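Take a look at the structure below.
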Amino acid sequence: MEATTAISAPVSFTISAVNEIKRLMGEPGFDTTQVLRVGVKGGGCSGMTYVLGFDTPTEKDSRFEIEGIPCTMEKAHGIYLTGMEVDWQGGLNSRGFTFNNPNASKTCGCGTSFAV
C-alpha cells in the first residue's frame with residue numbers, strides 16, 4: 001500500500017463547482033481510479049496557470065476530500081493555492097471554472113492566469 005498524506009482541504013469549492021465536478025464524475029466511462037487534481041503550472045499571460053482536472057496521484061502529492069470528491073495537489077503548490085475558492089459558472093456568456101485566489105498579486109483577463 002502506498003503511503004499518502006491526508007491534509008485538510010487547502011482550497012474550497014462552491015456548491016455549483018461541487019455539482020459540476022460530481023456531474024463529470026458521473027459521466028459514462030469516467031475513470032474511477034483518478035482523482036481531481038488542483039494545481040498550477042508555468043505559463044499563461046501572467047506567469048502561472050491553474051490546473052484542474054482528473055489525474056492519478058503521485059508521491060509528491062497531498063490528498064484531501066471536499067464534499068465526497070477525492071482530490072490531490074502537489075505539496076509544493078500549497079504556497080500558491082491555499083485559501084483559493086473554485087467556482088463553476090454555467091451561464092450563456094461565461095461558462096467554466098473560475099478561481100478566486102487570495103495569493104495572486106496579479107490576474108489576467110482570461111481568468112486562469114495569475115502571478116504571486
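Using this note's numbering, the first residue of the sequence shown is number 1, and each one after it goes up by one.
Even glycine gets a Cβ: it sits at the ideal position worked out from N, Cα and C.
For clarity, every value in this text was computed on a predicted model and none was experimentally measured.
- Going by beta carbons, residue 72 and residue 37 fall inside the 8 Å limit.
- Collapsing the DSSP output to three states places residue 103 in coil.
- One thing to note: residue 99 has its Cβ within 8 Å of the Cβ of residue 84.
- Shortest Cα-Cα distance from residue 95 to any of 16, 10, 50, 54 involves 16.
- In the same chain as residue 34, and ignoring 5 residues on each side of it, the C-beta atoms closer than 8 Å to its own belong to 54, 55, 56, in chain order.
- Judged by their CB atoms, residue 68 and residue 10 are not nearer to each other than the 8 Å cut-off.
- Per DSSP, reduced to three states, the secondary structure at residue 36 is strand.
- Nearest C-alpha to residue 76 among 58, 26, 87, 32: 58.
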